[in-house]
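First the structure, in the form of structure tokens, and then the observations on it.
Protein chains: 2
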Amino acid sequence: MTQLDDLDRAILRLLKEDARLTISELAEKLNRPESTIHFRIKKLQERNVIDRYTIILGEDLRPSSLALVYVQAKTPIIEDFLEKYLTHIIKTLSMLPNVLLVARSGEGIVVLIGDESLDKIKSFVEETIEVLPGLERVEFFPIDKIEKGSDIAGFLVDV
Amino acid sequence: MTQLDDLDRAILRLLKEDARLTISELAEKLNRPESTIHFRIKKLQERNVIDRYTIILGEDLRPSSLALVYVQAKTPIIEDFLEKYLTHIIKTLSMLPNVLLVARSGEGIVVLIGDESLDKIKSFVEETIEVLPGLERVEFFPIDKIEKGSDIAGFLVDV
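Those protein sequences? They're chains A and B, same order as listed. Numbering (the numbering used here) for the first sequence: 3 to 161. Numbering (the numbering used here) for the second sequence: 3 to 161.
Right under this line is the structure:
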């Protein structure tokens, strides 16, 4: 397990907020020498504590509506088929730009869909997911207001 | 709506992959003058197309298990109480470090929980969520393997 001390955590927290902060800005904020900050960041990168640097896209590019959908397939007659079928659905969904996240979940699939309205998402679910043969259960959870983790759409959305 | 041309999108895609790329590296990759790249990035920031720069944390800091939980409260006798009750639950859950995302979802709440094992998440749900009075429905969806959006835990996790 990764050992982090208070300084490491303080650096990570600041970089999460703004990854463009320079070594000297970090040094000033944390009241430590630049050499220390430089060394720590180097180590954090080498140890892959910092995996990568990225951008978060703003409101205008984010889908205005989000919904989670859980899809469960019927246990099929032919063994081994379920696995292949779910893999096929996951691959197909992953290619669609309004599908932000796809994951296996037990006997089913969890999908996060983003689009310009909840109606559009509902139509998408009806026309693309509910028509799939052999489904036992499709649950729809609209995401009305994100209280924690609200930048998720700006992180996941494609350009 | 935000207008983006091919160059804007190409810049955004590269910065999503690696936000540390310099102006001159981007200019070389995209075969454009540095002044053009500089101007475009400036505009993308001013227009808030780029909302902010951040870091994604590596495997070791990410919870090894994730699960989505949907919680629905009973429609209560006292009108207006449901809203206050859900707001209270959302606030409480938001403060917990293993709760990565909390959102209102219709008459309920969606929560993304991350911890070192699925058993730990299940215990947390039993001991912290299922004990809440007045719940009508608690659904548990383990996230076994994320096929699209897999960096989500490295983005959402706290340090």
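For each residue, glycine too, the CB sits at the ideal point set by N, CA and C.
Using a threshold of 7 Å, state whether the C-beta atoms of residue i and residue j are closer than that.
i      : j      : result
B/R49  : B/G156 : no
A/T56  : B/I58  : yes
A/L95  : B/G151 : no
B/S37  : B/S119 : no
B/S107 : A/F142 : no
B/L23  : A/V161 : no
Have a look at residue i and residue j and give me their C-alpha separation to the nearest angstrom.
i      : j      : result
B/K2   : B/V127 : Because chain B here runs from 3 to 161, residue 2 of chain B falls outside it and cannot be looked at.
B/L134 : B/Y87  : 10 Å
B/Q74  : B/L137 : 6 Å
A/I145 : B/L70  : 13 Å
B/I131 : B/M97  : 14 Å
A/L84  : A/K122 : 29 Å
A/I80  : B/L28  : 52 Å
A/L9   : B/Q5   : 41 Å
B/D62  : B/D82  : 44 Å
B/V140 : A/L102 : 24 Å
A/T89  : A/V113 : 13 Å
B/A12  : A/A21  : 20 Å
Would you mind giving the Cβ-Cβ distance between residue i and residue j, rounded to the nearest angstrom? I have them listed as a contact below 8 Å.
i      : j      : result
A/L16  : A/K31  : 6 Å
A/K44  : B/A105 : In fact, because the Cβ distance is near 37 Å, the residues do not count as touching under 8 Å.
A/G60  : B/D7   : Not confirmed; about 17 Å, so no contact.
A/G110 : A/N100 : Rounded, the Cβ-Cβ distance is 20 Å, inconsistent with contact.
B/I154 : A/I91  : So it is not a contact: roughly 20 Å between Cβ atoms.
### Task
With 7 Å as the limit, tell me which residues of the stretch 124 to 153 of chain A have their beta carbon closer than that to any beta carbon of chain B; keep them in chain order.
Cβ contacts with chain B: F143, P144, I145, D146, K147, I148, E149, K150, G151.
### Continuous beta strand (DSSP E) assignments of at least 3 residues falling wholly in the stretch 96 to 158 of chain A
Counting only unbroken stretches of 3 or more residues, the beta strand (DSSP E) elements lying wholly within the stretch 96 to 158 of chain A are 101 to 107, 110 to 117, 137 to 145, 147 to 150, in sequence order.
### Message
Threshold first: 3 residues or longer. Then list the beta strand (DSSP E) segments lying entirely within the stretch 27 to 99 of chain A, N to C.
### Response
Segments of the beta strand (DSSP E) lying fully in the stretch 27 to 99 of chain A: 52 to 59, 67 to 75.
### Query
Taking Cβ-Cβ distances below 8 Å as the criterion, which residues of the stretch 16 to 27 of chain B are in contact with chain A?
Cβ contacts with chain A come from L17, K18, E19, D20, A21, R22.
### Residues of the stretch 46 to 67 of chain B whose Cβ lies closer than 8 Å to any Cβ of chain A, in chain order
Within the stretch 46 to 67 of chain B, those residues whose Cβ lies closer than 8 Å to any Cβ of chain A are, in chain order, R49, N50, V51, I52, D53, R54, Y55, T56, I57, I58, L59, G60, E61, D62, L63.
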